[in-house]
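Residue numbers (our numbering): 20 to 194.
Even glycine gets a Cβ: it sits at the ideal position worked out from N, Cα and C.
A quick note: this is a predicted structure, and the numbers were derived from the prediction, not measured.
See below for the structure under consideration.
Right under this line is the structure:
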């Protein structure tokens, strides 16, 4: 396989994948067809798509195509119903994002209220959180962390891009 074919293969893999593809997975597939510099291929693809209606983006070393911010307003998909998340769901998500990895009991301690099972189910179905293993404490509770879909939805490259708590405290919110 020639370099140009390898570039097309990487492009097609990312394009046809339902979820973002890890660099490791892309390299596994690519290595079956020869030795290629994935970083070079990705750079070429990023450059190719930078002035188009979609961009090639990366979060946590996982690559995906995303509609550009400028064009996304024109592409409202009517079949997708937006639903407002409850206050408790948003609080739970904020706690997970700022305190991860965190257990359900720790979330409840921070919130001062119990967390309903449905709250975590909603966040799991959105793929905004995922289980990250278990604490080595009695009962071995599951720990929760944000998933790449959370980063993708909120336009973050990594969790460190979240605003600092001090910055949030200084903002005056209207009721």
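Alpha-carbon to alpha-carbon, residue j and residue i
i	j	result
residue 136	residue 179	28 Å
residue 118	residue 53	43 Å
residue 142	residue 148	6 Å
residue 107	residue 138	8 Å
residue 174	residue 61	20 Å
residue 104	residue 113	12 Å
residue 24	residue 46	14 Å
residue 49	residue 78	20 Å
residue 177	residue 40	16 Å
residue 159	residue 121	12 Å
residue 57	residue 43	10 Å
residue 29	residue 75	11 Å
Helix, strand or coil at residue i [DSSP, three-state]
i	result
residue 111	helix
residue 177	coil
residue 138	helix
residue 81	strand
residue 40	strand
residue 58	helix
Cβ-heavy atom distance, residue i to the ligand MG, below 6 Å
i	result
residue 40	Looking at this structure, you won't find the ligand MG or any other ligand, since it has none at all.
Of the listed residues the options, nearest to residue i (C-alpha basis)
i	options	result
residue 172	70, 57, 55 and 88	88
(request) Tell me, please, whether the stretch 56-74 touches the stretch 147-166 by the rule of three or more beta-carbon pairs shorter than 8 Å. (result) no
(message) Does the stretch 74-89 come into contact with the stretch 33-50, if we say contact requires no fewer than three beta-carbon pairs (one atom in each stretch) closer than 8 Å?
(response) yes
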